[in-house]
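> Each residue of the sequence shown is one higher than the one before, starting from 838 at the first, in my numbering.
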Amino acid sequence: MSTPISAPVHTPPSNRRDEPRGMPAIWRTSHPTVWGLVLSVGGLILTAVGAGFAAQRRLGDEATIWTLTGFVAVSALVGLTVMARSRPGLAAYGWRAPIGMRRIGFGLPLLIAPIAVATTSDFEVTRATALAYLVLTVCVGINEEVWFRGLVLAALRGLGDRRAVVTGACLFGALHLANAGSGKSGLYLLLQAVFAAEVGVVLGALVALTRSLWIGVAWHLVYDLTAYCTGDRLDGRALAGVIVMMIVLAGYATWLLPKVPR
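(1) Do Val1038 and Val1003 have their beta-carbon atoms positioned less than 8 Å apart in this structure?
(2) Tell me the residue span of the alpha helix (DSSP H) that contains Arg940.
(3) Within the same chain, show all residues whose beta-carbon is closer than 7 Å to that of Ala953, passing over the 5 residues directly before and after it, in chain order.
(4) Where do the ends of the alpha helix (DSSP H) carrying Trp1092 lie?
(5) Using three-state DSSP, classify Glu961 as helix, strand or coil.
(6) Can Glu961 be considered in contact with the ligand ZN, in the sense that its beta carbon sits closer than 7 Å to one or more heavy atoms?
(7) Following the continuous alpha helix (DSSP H) through Val983, name the residue where it begins and the one where it ends.
(8) Using only the alpha-carbon positions, how far apart do Ser867 and Val972 sit?
(9) Is the separation between the beta-carbon of Asn980 and that of Val886 shorter than 8 Å?
(10) For Leu876, I'd like the list of residues in its chain whose CB is within less than 7 Å of its CB, leaving aside the five on either flank, ordered along the chain.
(11) Just verifying my parser: in three-state terms, what is the DSSP assignment at Leu947?
(12) Please determine, among Gly995, Leu1076, Arg1048, the residue with the shortest C-alpha to C-alpha distance to Leu1028.
(13) Would you kindly work out how many angstroms separate the C-alpha atoms of Glu899 and Thr966, rounded to a whole number?
(14) For Gly889, does the three-state DSSP call read helix, strand or coil?
(15) How close, in whole Å, do the beta carbons of Gly1010 and Val1031 come, if the pair is a contact with beta carbons under 8 Å?
(16) Taking the alpha-carbon positions, what's the Ala1055 to Cys976 distance?
(17) Specify the secondary structure class of Ser912 as computed by DSSP and reduced to three states.
(18) Measure the Cβ-Cβ separation of Leu1012 and Leu881 and say whether it is below 8 Å.
(19) Compute the Euclidean distance between the alpha carbons of Phe960 and Asp998, then round it to the nearest angstrom.
(20) Go ahead and pull the three-state DSSP assignment for Arg806.
(21) Closest by CA to Ala1090, which one among Gly1073, Val1059, Ala1042?
(22) Which of the three DSSP states is assigned to Pro925 in this structure?
(23) Report all residues from its chain with a CB closer than 6 Å to the CB of Pro857; omit the five preceding and five following residues, and keep chain order.
Following this line, the structure appears as structure tokens:
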């Protein structure tokens, strides 16, 4: 698989031992937005195929979850392979311990999302289904961070870090509108897209500031598992929780974004 990747744009010598402390991965391309869009779609293709396959075969709930998990895991492996085969290496993409945690408030505002879901919804799963969801959310967290905060952000960094974060977040939010065929209401889809865009800004800014993808992976695990196990409904209580977490995340994004270099 050929990609327009070259060494990160920075002056220090390319030494793997120095890489974790160096500049983040940057793709040298004359069309960063186009590549950002291509990679965004690429990160969702296998997930969509898995969902379509399960629907076509009319699989049961647990079988659907495990099938989707398999497709998402393959998607994550594809993304990791692209990272590993490119010159920057995995550490430059964010597979390293985070730095500057105090500067980002230790990511604590992110906790409002799973707390809001857990306190405004009811848990409705069996232990077997919860286990399946746990494995799925691990794969989803790795897959989305590999593609959206790893590869997509690297492709968009030619625009500058701050514009890369915002552009990547817009793509992340817009692509959630692909769930229009899921039967959810228009209000649900709109809120999901806006929430995803907010999450994209926050997680993208955290990667830019901490040089690590692990915060996003951990957040996806906690939030997605909570949402799946509560049925992901939008009744009156759940809507109140959504509004609260969107307000908090919007405030956190507004606080973080100016810290990201232009």
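Even glycine gets a Cβ: it sits at the ideal position worked out from N, Cα and C.
Quick answer:
(1) yes
(2) Where Arg940 is concerned, there is no enclosing alpha helix (DSSP H), given that its DSSP letter is neither H nor E.
(3) Gly1078, Val1081, Met1082
(4) 1073 to 1093
(5) coil
(6) Questions concerning the ligand ZN fall outside what the structure shown contains, since it holds no ligand whatsoever.
(7) Unbroken run through Val983: none, as it is neither H nor E.
(8) 38 Å
(9) no
(10) Trp984, Leu988, Val989, Ala992
(11) helix
(12) Leu1076
(13) 6 Å
(14) helix
(15) 7 Å
(16) 11 Å
(17) helix
(18) yes
(19) 39 Å
(20) Because the chain in this structure spans residues 838 to 1099, residue 806 falls outside the shown range and cannot be described.
(21) Ala1042
(22) coil
(23) With a pLDDT of 40 at Pro857, under the threshold of 50, the modelled position of this residue cannot be trusted; read the value that follows with caution. Answer for Pro857: Ala928, Arg933, listed in chain order.
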